[in-house]
Every structure is written in C-alpha cells, then in structure tokens.
Amino acid sequence: MQLATWNVNSLNVRLPQVLDWLTAHPVDVLALQELKLSDDKFPLQAFTDIGYQAQWFGQKTYNGVALLSKSPAEDVVRNIPGFADEQSRVLCGTFDGVRVIGAYFPNGQEPGSDKFAYKMRWLDALREWLRAELVAHPQLVLMGDYNITFDDADVWDPVGLRETIHCTTEERNHLQALIGLGLTDSVRLFPQPEKNYSWWDYRDFAFRRNRGMRIDHILISEALKARATACEVDKLPRKNERPSDHAPVVLTLD
DNA sequence: ATGACCGACACAGTCGGA
C-alpha cells in the first residue's frame, strides 16, 4: 500500500500534473492540499477517468483539501470535530482499514499575529481530536502540509530563519506534541539525501539552489510504523513547467 | 532593508502564501 501527500497550490492550474503524477505513481491514497476551488468546481470526472475515487472539501480562493483513492472512503470526516472553522483544512477517511487524515495546517504568517494565534488554537484542537482518533483507529496516518519544520535540519538557513514562521519553538513544540501521541515522522525512518526539503520559494531560484524547508510530513501510528518500508520526497514534479512550490511525499507500507 | 514569484480575483493592485 502506498500513500502520498501533495500541496498543489491550485488544483485548477495543477490538474494535468496531478493526473500525470498519479498515472506514473498509482498510489492507493493521495491527499491534496490548497485546491483553491469551491466544491462545485472539483474535477471529479478527470480522476474517475484514470480509476480514482475522490472525496473533497473545497473552498473558493483559499485552502481546500481532497483524498483521491483506489478504494472507497469510509467514515469520512470534514475538519476537526468540535472545532468551529470557516476554513476547509482537514479531510479524513478510512481506506482498506487505514485511517487517513489529510490536512492543510494554517500558515500562521508571523509569530504574534492573529493568524499565528489561530494556528496555535487549530493545533490544540487537532491534537485533542487525534488523541481519541488513535484509540479508535490504531492504524492511522496524518499527512499533509504542516507548515512546521521539526528542527534545523529541515531548514536551508536555520540561522537566518531562526524563530521565524515555520521555525518557531512554539510551532515545533506543537509538532513534538503530535509525536508524543505515539506518531512517527516516517521520512526519518529511512536514509535520506542531505538537505531533504519538500517546499521551495518560487522566488530567487530557490529550488535550483535547494533553498527550501521540509514542511510536508507523513506521521504514522505505531501499528503503521511496523508496516513502513520506504518514505521519500519526489522532487521531480518541482522541475516541471508551472510547478507547485511543494513536492509530493510518498510512504510505502507492507 | 526590501522584494523577489505565484495564484485568485478581477482586469489593477492587493492579499495570502511560506
């Protein structure tokens, strides 16, 4: 079984690339973030044409998430139960017995801002929901654009970006609290290239210079950790014309 | 230091992204 996550930065623009990628990498579940389209604009037919089913939770202009899958989704949940949210950020379903949560974590913009405070509240709510979800579903994966780096190894310029957004101690403590629930960063289970990032700024030739951050993650429960055989970032789509600024991350399970 | 680049919305310039 293979699972993947990809922030596509507009599904309108990136649909051909998503279709190409899925054809070349027929994963069982692909979580998408930043659809930037309303539900009535979701291109369902394009995915059914290549053998995929879909769940989607869109929003005009901003946010929006989807789960594309070979098998049908069961027990679908939209956003974090009990956390009132105008923004479409979380989509959850069970696929072949695996509880899959696709999430687009808030950006936070700048420490001290209202958006940062929302990010912290959102992270609190996510953690408390996950705590219960893990009891009900031992085989669980949380994947998406976390907008948080684990540590300086995830940052191209840790000195220059010290305590800036995605790199603050407060955000990293929240990420460690998810680890504290019994989740594991699947990328770091396996040997990786040096400076292994998942996002690069569009500006200043950042991809060519590998000036990036690893902010897209796949966290897995103990039961899934026992099944994990590989996890890697696929940088190839970032080399396309009109690429997303994020690259897909792919997890392989036995 | 600032802006760079991109997408949406709208059709200019602003906002949000990260």
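Numbered per our numbering, the first sequence finishes at 639, counting up by one with no gaps. We treat Cβ as the ideally placed atom computed from N, Cα and C, and that holds for glycine.
If the five residues before and after SER423 are omitted, its C-beta is found closer than 6 Å to the C-beta atoms of GLY443, LYS445, all from its own chain and listed in chain order. Residue GLN524 holds the alpha-carbon nearest to the alpha-carbon of THR569 among THR549, GLN524, TYR582, ALA538. The beta carbons of ILE465 and LEU407 sit about 27 Å from each other, so the pair does not count as a contact at 8 Å. Secondary structure note for THR390: its beta strand (DSSP E) is the uninterrupted segment 387-392. At a cut-off of 4 residues, not a single continuous stretch assigned as alpha helix (DSSP H) sits fully inside the region 432-502.
With the rule of 3 Cβ pairs closer than 8 Å, the region 473-485 does not count as touching the region 536-548. Assignment of GLU617 by DSSP, reduced to helix, strand and coil, places it in the strand class. Sequence-distant partners of GLU495 (beyond 5 residues in either direction) whose C-beta falls short of 7 Å from its own C-beta, in its chain, are PHE501, ILE550.
Segment contact: the region 597-614 against the region 570-583, three or more CB-CB distances shorter than 8 Å; contact assigned. Distance check between VAL412 and each of PRO628, ASP630, ASN625, CYS616 places CYS616 closest, using alpha-carbon atoms only.
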